[in-house]
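The opening residue of the sequence shown carries number 69 in the numbering used here; numbering runs sequentially from there.
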Amino acid sequence: MRRVRINVMEGENLLETLRSAGYGIVSICGGRGLCGKCRVVVRSGMSSLTVPSTAENAILTEEELNSGYRLACQARSTKPSVLEIDIPPESLEVRMKLLASGLTPTLSLKPTVRKIFVKVKPPTIRDVESDLSRLEKVLESKGLRRLRIGYETLKALPEILRVDGWKVTVSIFRGREIVGVEAGDRTGECYGFAVDIGTTKISGYLVDLVRGEVAESVSCPNPQIRFGADIISRISYAMNGVE
């Protein structure tokens, strides 16, 4: 067991206090006293806690109660106090082995952002049309008309056009908006980022939108799991628990 010494404020339960102190205590029922996973052993300071609740009497045996076992979500402090508590290994959250990859089916690529390489006609003394108008003419010749463009992209356009002899790569969002302009041919580099928020884990995927492949992935446990193993328990905790 892991022994800890903690300061408990009046009205706090041990689950809240231990988590605030950085100890990941398992509570798959969201702190409602139903799962019995948040068992701890109070070694000193028991007199400053509430008497065992109905839930504790139902889950813990008489022998466990006599040995100092409490459910952390049910044991609440009646006054500011310092407690010594033993945390059993099974009551501590363990590092999960997370799987972030799986079967990748063959799909037809139709990304919301696509890149187009164009060569814009440079201005002359007799041809003083704006840089944006020049770019729009080239894009119109490729069937892309009336595209919106954001202020930041527009502001950067003159400098980018002149970096590589008026050859640029334009990023188009849903065929309606210019969201980026890069010097040179960058059509082979187009990435998207997908996030999968699951019940037990959160995964992020850097996707190559040109080749249709996952370039990199990362995952971590969903931190909400400490408030319940299922969505209903978490909603209940959010509605009834402390902020």
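Virtual Cβ for every residue (Gly too), placed ideally from N, Cα, C.
Cross-strand partners of residue i (DSSP beta bridge)
i              : result
isoleucine 265 : Ile270
isoleucine 183 : Just to set this straight, residue 183 is lysine in the shown sequence, not isoleucine. Looking at the DSSP assignment, lysine 183 forms a beta bridge with Ser239.
glutamate 152  : Arg73, Ser112
valine 275     : Gly260, Val282
glycine 248    : Ser239
leucine 160    : Ile93
Assumed close pair residue i, residue j - CB separation to whole angstroms, cut-off 8 Å
i             : j            : result
lysine 178    : serine 239   : That belief does not hold up - the Cβ atoms of lysine 178 and serine 239 are roughly 16 Å apart, past 8 Å.
valine 72     : glycine 113  : That belief does not hold up - the Cβ atoms of valine 72 and glycine 113 are roughly 12 Å apart, past 8 Å.
valine 181    : glycine 252  : With a Cβ gap of about 18 Å, valine 181 and glycine 252 do not count as contacting.
serine 304    : glycine 98   : 6 Å
threonine 237 : arginine 254 : 4 Å
Under the three-state DSSP convention, the category residue i falls into
i              : result
serine 304     : helix
leucine 200    : helix
serine 145     : strand
valine 76      : strand
glutamate 220  : helix
arginine 291   : Checking the sequence, you will find proline at residue 291 rather than arginine. Here proline 291 sits in helix by DSSP.
serine 285     : strand
valine 206     : helix
isoleucine 299 : helix
*What are the complete beta strand (DSSP E) segments, minimum 3 residues, inside the segment 95-141?*
With a minimum length of 3 residues, the unbroken runs of beta strand (DSSP E) contained wholly in the segment 95-141 fall at 107-112, 137-139.
*Decide if the segment 75-83 is in contact with the segment 265-285; the criterion is three or more beta carbon pairs, one per stretch, under 8 Å apart.*
Because the criterion of three Cβ pairs below 8 Å is not met, the segment 75-83 and the segment 265-285 do not touch.
*Should the segment 104-111 be regarded as contacting the segment 187-204, the criterion being three or more beta carbon pairs within less than 8 Å?*
They do not touch, by the three-pair rule.
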